[in-house]
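Notes follow once the structure below has been shown.
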Amino acid sequence: MEKIKSRKIHAVSVAEVFIIAFFVFMALLTVFPMWYVLVGSFSEGADYTRGGVIFWPRVWSFANYQYVLIDIRIWKAYGITIARTVLGTGLHIVVTFIVAYAMSIPLLKFRNLYYGIMIVTMFFGGGMIPYYVWLSMTGLLDTFWVYVIPKMFSVYNMLVFLAFIRSLPGELREAATLDGAGEYRICMQIVFPCCKPVIATIVLWQVVSHWNNYFDSMYYVMNGDLYTLQYVLKIIINELSVQNNDLIPPAVLETLTPTVISYAAIIVTILPVLFVYPFLQKQFAKGFMLGSLKG
932 MEKIKSRKIH AVSVAEVFII AFFVFMALLT VFPMWYVLVG SFSEGADYTR GGVIFWPRVW
992 SFANYQYVLI DIRIWKAYGI TIARTVLGTG LHIVVTFIVA YAMSIPLLKF RNLYYGIMIV
1052 TMFFGGGMIP YYVWLSMTGL LDTFWVYVIP KMFSVYNMLV FLAFIRSLPG ELREAATLDG
1112 AGEYRICMQI VFPCCKPVIA TIVLWQVVSH WNNYFDSMYY VMNGDLYTLQ YVLKIIINEL
1172 SVQNNDLIPP AVLETLTPTV ISYAAIIVTI LPVLFVYPFL QKQFAKGFML GSLKG
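Take the sequence shown: its letters are residues 932 to 1226, numbered as in our numbering.
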């Protein structure tokens, strides 16, 4: 009892209450737009246009999702986008890491020249027309690989990898060299596993980038079977002509509006990213801080 009485009760100050209230408000402010879109996606279009639907659907309807998901283009685009995201992210991590590892070796010939050239590309580019011509000359135009090969390397992500690799103890490389390990073994079996926090961070960046990108499909792909999910959803929303849809009863068609259908399309698009993010968020902050601040 004496120990309990001797403990000082921490009084919450006015400043702490203000700080807690502020961050709770900011959290709600961040979550509310997503909740608002979710509520709209389950609302009947005709009722939603009357206004006042904010926190909960007044009239529930699944016709919005039905309209979005019955389009075969959605499922083809899902396959293309998943393949692009998985393959593109994996190749990006491997290629970018290998370049960063090579740049971390002091004995690399012309290292400063390579470094200077890569830094220049971060600030200057040829523009869209030269890039289009290059894609055409290399045969990547209007192919699946236009999504993957041009994005296999990023100078910025290489610098994040490089900073993290330089922060690792030099004894790791020295011990591996004394044990007879070659560069490949040191790179892939020793250094690469140590970069897990940075890898998780860059994986998250790349997954979001590949998943949300529709620019490539819009300008560099003409084959509709190769369109990505975001671009297909954009097409569906823009060409919204529910009167021509024979798969939904006419009575239901009258209740659909472009707004609620676009909300349903947004939810269909972001769900996979929301499922992936929790598995990577543990390493995200750690990897970003270590990869960008240590050098």
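Ideal Cβ positions, reconstructed from N, Cα and C, are used throughout, including at glycine.
Values in this document were obtained by computation on a predicted structure and should not be read as measured data.
- Contact between T1159 and S1148 holds: their C-beta atoms lie close to 5 Å from each other, under 8 Å.
- Beta-carbon to beta-carbon, V1086 and M1053 are separated by about 5 Å, close enough to satisfy the 8 Å threshold.
- Of the other Cβ atoms in all chains shown, fewer than 16 fall within 10 Å of the Cβ of E1114; this residue is therefore exposed.
- Taking the CA atoms as reference points, A958 sits about 26 Å from V1129.
- Between the region 1099-1114 and the region 1135-1150 there are fewer than three C-beta pairs closer than 8 Å, too few to call the two in contact.
- Taking the Cβ atoms as the reference, T1190 lies roughly 18 Å from Q1161, outside the contact range of under 8 Å.
- Assignment of beta-bridge partners to S974 by DSSP yields W991.
- Between the beta-carbon of S974 and that of P988 there is about 4 Å, and that keeps the pair under the 8 Å contact cut.
- Judged by DSSP in its simplified three-state form, P1037 adopts coil rather than helix or strand.
- When secondary structure is reduced to three states using DSSP, Y1145 falls in the coil class, being assigned neither helix nor strand.
- Secondary structure note for G1070: it is in no alpha helix (DSSP H), with a DSSP letter that is neither H nor E.
- A buried status is given to N1144, since no fewer than 16 other beta-carbon atoms sit within 10 Å of its beta-carbon.
- Distances from the CA of G983 to each of Q997, L1071, A994 and Y967 were compared; the closest alpha carbon is that of Y967.
- For F993, the closest C-alpha among the options F954, T1188 and F1206 is that of T1188.
- Taking 8 Å as the cut-off, the beta carbon of V970 is found no closer than this to the beta carbon of F956.
- When secondary structure is reduced to three states using DSSP, E1170 falls in the coil class, being assigned neither helix nor strand.
- Collapsing the DSSP output to three states places M1059 in a helix.
- Relative to V1077, the option among V1025, Y1032, T1012 and L1093 whose CA is nearest is T1012.
- Taken atom to atom, the span from the alpha-carbon of I1029 to that of P1037 is near 15 Å.
- Cα atoms of M1034 and F1206: separation of roughly 35 Å, rounded to the nearest angstrom.
- Between Y1194 and G1047, the alpha-carbon positions lie close to 45 Å from each other.
- Cβ neighbours of T1186 within its own chain (closer than 8 Å, five residues either side excluded): E975, G976, A977, D978, S992 and A994.
- Here Y996 has A1195 as same chain residues with Cβ atoms under 6 Å from its own Cβ, once five neighbours each way along the sequence are excluded.
- In the structure shown, N1043 falls within a helical segment according to DSSP collapsed to helix, strand and coil.
- For T1188, no alpha helix (DSSP H) run applies, since DSSP gives it neither H nor E.
- According to the DSSP assignment, L1109 belongs to the alpha helix (DSSP H) that extends over G1101 to L1109.
- DSSP places V1086 in the uninterrupted alpha helix (DSSP H) bounded by V1086 to S1098.
- Check the Cα spacing between A1014 and each of V1152, V1079 and V945: the tightest is with V1079.
- Taking a contact as a CB-CB distance under 8 Å, the pair Y1032 and L1135 does not count as one, their CB atoms being some 21 Å apart.
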